[in-house]
Amino acid sequence: MPAKKSVTPQAIPPNQPTEADLIMLNDVQSAELAVRDLYDTALRAGAFSDEQTGVLQLFRDHHTAYAQAINGIIGKSAINKRNESLYSSNSDLVTASTTSLPTLQSLENILVATHTTIVGSLIGMDAVTLIASILIVEARHAAVFGSAPKMDVASALNDVAASLVTSNSAGG
Amino acid sequence: MMAIPKKTKTHLAELSRRDLFRIGGMGLISATLLAACSKNDLTADNAIASIGTIPPNSSLPKVDVTDVVLLRTAVSVEYNSIDMYTAAIDGGYFSGDFASTAEIAKRFRDDHLAHAETLNTLAVALGGTTFDCANSRINSLIIKPAFDLITAPDNPDVAFDTVTLAHAFETVSAQMYQGFVGQFSDPKLRGETIRIGQNNVRHAVILAQLINPGLSGIEPSADPATGIANVVAVPSAFGNLAILRVPFGSPNADGVKTSITMETPSLNALTYDFVSC
C-alpha cells in the first residue's frame with residue numbers, strides 16, 4: 002500500500018476565470034455556436050418529421066443557451082464567433098438525410114469530449130460548474146440519437162470522440 | 022373489634038392558600054441561597070451534577086473532505102448501482118414488457134464495475150485506500166426502502182418500478198459527479214470523474230426511453246391527469262442537482278404511490294478514510 006500523503010490545506014480556487022480560462026471558454030463557445038448553426042442548417046433542409054423537428058429545435062435552443070451562458074462568464078473578452086472549421090466540415094453532412102442524425106450525434110459527442118477536457122483544465126470554479134452542467138446534458142443529447150426512435154444501446158453509450166482541444170493546449 | 026378512629030383534619034388541610042404561597046416562596050429563596058453559597062466544583066468535570074451514570078461524550082473523528090474521500094464516496098455509489106442491478110437481475114424483477122431490460126442491466130452493471138475500478142485506482146494514486154462495497158447510508162435511505170416497496174406482495178408494477186429505480190439512481194449518480202467537480206482540488210480529477218458521470222447519464226437516457234419510449238419521451242412533459250412530470254430523456258437544458266422524489270410500490274386508496282426522496286451523498290454519507298466495508 003502506498004504511503005498516505007499528508008493532508009495539506011488546499012488553496013481555494015477563484016470563482017472568476019483566469020486569462021488561460023478565457024481562451025478555453027472562447028474555444029468552447031465558438032464550438033457551441035458552430036453546433037447551433039449546424040442544427041439550424043439541418044432543420045432548414047427539412048428532412049425530418051414534426052416530432053423529430055421538435056426535438057432538434059429543442060437541442061438547437063440548448064446550444065444557444067450554452068453559448069449565452071458561457072458568454073456570461075467570459076464577459077467583454079467574448080469573441081462570439083462560431084468555429085468555422087467545425088461548421089464547414091459538417092455542413093453538408095447534416096443536410097443529407099442518411100448522415101444528418103449520425104452527424105449531429107457525433108457533434109454532441111465531440112462537445113462532450115471537448116468539455117470533459119476543459120473541465121479538467123479550467124481554474125475558475127464558475128466556469129467549471131457551468132461546463133459540467135452543460136456536458137451532462139450534451140451526453141443526454143448524444144444518447145437520445147442512439148435510443149430514439151429505435152433503441153440502440155451500443156450507439157447511445159458510444160462516447161468515443163476526439164476533443165477539439167488537447168489537455169496540453171487547454172492548459173492541463 | 023377495634024374501633025376505627027374518626028378521621029381528623031391533617032395539617033395540610035389546615036393550610037390556607039396564602040400559607041401555601043408563603044411556604045413555596047420560602048423554599049424557593051432557600052434553594053437559591055444554597056445554590057449561590059455552594060462550591061462550583063460540584064462534579065469533577067465541572068458539569069452540572071446529575072443522578073445516575075452518564076456515558077462519556079464520544080466525539081466523531083476529525084475528518085477532512087479530501088479528494089480521496091470524494092473518490093471513495095463515488096466508488097461506494099458505483100457499488101450501490103452494481104448491487105441494485107444484481108438484486109434486480111437475480112430476483113427476476115425485469116419481467117413482462119421489461120424482460121429484455123435484464124440484458125441492458127448487465128451491461129450497465131459492467132460499466133459500473135469499470136467505473137469503480139477506475140475510481141479506486143485514482144484514490145490509491147493519491148495515497149488513499151480502495152473501497153469495495155456499497156455506501157451503507159445510501160443503501161438504508163434509498164435502495165433498501167425502494168426495493169421493500171417494489172417487492173411488496175401487493176405491488177402490481179414490479180418490473181416498471183425496478184426500471185424507475187434504476188433510472189432515478191443513475192440520474193442521482195450522474196448528479197453526484199456533476200456536484201463533485203466543484204469540490205475536487207485537483208482539476209484533473211474533475212475531468213476523470215465527469216467522464217464517468219456522462220456515462221451514467223447515458224444509462225439514465227436509455228432507461229427513460231424504456232419507461233417513456235419514442236420521440237415524445239424526450240422533451241419535458243407532464244401527465245395530463247395528475248400534472249406530475251413524466252420521466253423524459255432530456256428533462257432540462259442544464260444538468261441540475263435537484264432532489265428527486267420517486268414513487269414506488271402499490272398505490273394507496275387515492276391511487277398515490279409512496280415516494281422516496283433521492284439526493285446525492287451529503288457530508289454524513291461520504292466515505293471518509295476511517296469508513297471500511
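Here the protein sequences line up with chains A and B, keeping their order.
2 is the number of the first residue of the first sequence in my numbering; add one for each residue after it.
22 is the number of the first residue of the second sequence in my numbering; add one for each residue after it.
Beta carbons are placed, not taken as given, at the ideal position from N, Cα and C, and that holds for glycine.
E191(B) classed as buried or exposed, judged by whether at least 16 other C-beta atoms fall within 10 angstroms: buried
Burial state of D51(A), where buried means 16 or more other Cβ atoms lie within 10 Å: If you draw a 10 Å sphere on the C-beta of D51(A), you find fewer than 16 other C-beta atoms in it, and that means exposed.
Measure the CB-CB distance between D175(B) and S271(B) and report whether it falls below 8 angstroms. yes
Once you ignore the five residues that flank M126(A) on each side, which residues in its own chain have a CB closer than 6 angstroms to its CB? Excluding residues within five positions, the ones whose Cβ falls inside 6 angstroms are P14 and N16.
Considering only the alpha carbon of each residue, which of P256(B), I264(B) and D275(B) lies closest to H63(A)? Residue P256(B) is the option with its Cα nearest to H63(A).
Following the continuous beta strand (DSSP E) through P76(B), name the residue where it begins and the one where it ends. Careful: P76(B) lies outside any beta strand (DSSP E) and carries neither H nor E.
Could you pull out every residue in the same chain whose Cβ sits closer than 7 angstroms to the Cβ of E213(B), ignoring the five residues on either side in sequence? L143
So what's A243(B) in DSSP terms, helix, strand or just coil? A243(B) falls in the strand class under three-state DSSP.
The beta strand (DSSP E) with M283(B) in it runs from where to where? T279 to M283
Since I believe V226(B) is in contact with E240(B) (beta carbons under 8 angstroms), could you give me their beta-carbon distance rounded to a whole number of angstroms? In fact, because the Cβ distance is near 13 angstroms, the residues do not count as touching under 8 angstroms.
Going by DSSP, what residues sit across from P256(B) in a beta bridge? According to DSSP, which records beta bridges pairwise, P256(B) is partnered with nothing at all.
Meets three-Cβ-pair contact criterion under 8 angstroms: the segment 122 to 137 of chain A and the segment 15 to 29 of chain A: Between the segment 122 to 137 of chain A and the segment 15 to 29 of chain A, the count of C-beta pairs closer than 8 angstroms reaches three or more; the two stretches touch.
So what does DSSP say about A250(B), is it helix, strand or coil? strand
From this set, A35(A), V145(A) and S107(A), which residue's C-alpha is nearest G235(B)'s C-alpha? Distance check between G235(B) and each of A35(A), V145(A) and S107(A) places V145(A) closest, using alpha-carbon atoms only.
I'd like to know whether the C-beta atoms of L131(A) and I71(A) end up nearer to each other than 8 angstroms. Cβ atoms of L131(A) and I71(A): closer than 8 angstroms.
Measuring only the C-alpha atoms, how far is A32(A) from S134(A)? 16 angstroms
Cβ closer than 8 angstroms: which chain A residues qualify as neighbours of E240(B)? Per Cβ cutoff of 8 angstroms: G55, V56 and L59.
From I110(B), R216(B), Q199(B) and E284(B), pick the residue whose C-alpha is nearest to that of R128(B); which is it? R128(B) has its Cα closest to that of I110(B), out of I110(B), R216(B), Q199(B) and E284(B).
Quick one: does R128(B) have its CB under 8 angstroms from some CB of chain A? yes
Chain-ordered residues of the segment 232 to 259 of chain B with a beta carbon less than 8 angstroms from chain A: So the list reads P234, G235, L236, S237, G238, I239, E240, A254, V255, S257, A258 and F259, given in the order they occur along the chain.
Along chain A, in chain order, which residues have C-beta atoms closer than 7 angstroms to that of G218(B)? I137
I'd like to confirm something about D111(B): is its beta-carbon nearer than 7 angstroms to some heavy atom of the ligand NAD, or not? Among the components modelled here there is no ligand, and therefore nothing to report on the ligand NAD.
Quick check: the segment 197 to 206 of chain B against the segment 86 to 98 of chain B, are there 3 or more CB pairs under 8 angstroms? yes
DSSP three-state assignment for R83(A), whether helix, strand or coil: coil
Count the other CB atoms, across all protein chains shown, that sit within 10 Å of the CB of F295(B); report buried if there are 16 or more and exposed otherwise. exposed
How is the beta strand (DSSP E) around P268(B) delimited, first residue to last? L265 to F269
Examine chain A for any beta-carbon lying closer than 8 angstroms to the beta-carbon of P208(B), and answer yes or no. yes
Under 8 angstroms between C-beta atoms of A149(A) and Q219(B): Against a cut-off of 8 angstroms, the Cβ pair of Q219(B) and A149(A) comes out as no contact.
Close beta carbons around A143(A), own chain, < 6 angstroms, minus the five adjacent residues each side: Q106, E109 and N110
Would you please verify whether the beta carbon of G117(B) is less than 8 angstroms from any beta carbon of chain A? no
Show which residues of chain B have a CB atom less than 9 angstroms away from the CB atom of T118(A). By Cβ distance, chain B contributes G212.
Among the candidates L265(B), I72(B), P166(B) and R93(B), whose CA atom is the shortest distance from the CA of L140(B)? R93(B)
Residues in its own chain within less than 6 angstroms of T292(B) by CB, not counting five upstream and five downstream? R93, T94, S97 and F152
DSSP three-state assignment for S92(A), whether helix, strand or coil: Look at S92(A) here: in three-state DSSP terms it is coil, with no helix or strand label.
Would you mind sorting I277(B) into buried or exposed? The rule is 16 or more other CB atoms within 10 Å of its CB. According to the sequence shown, residue 277(B) is Val rather than Ile. Counting Cβ neighbours within 10 Å, V277(B) comes out exposed, since fewer than 16 surround it.
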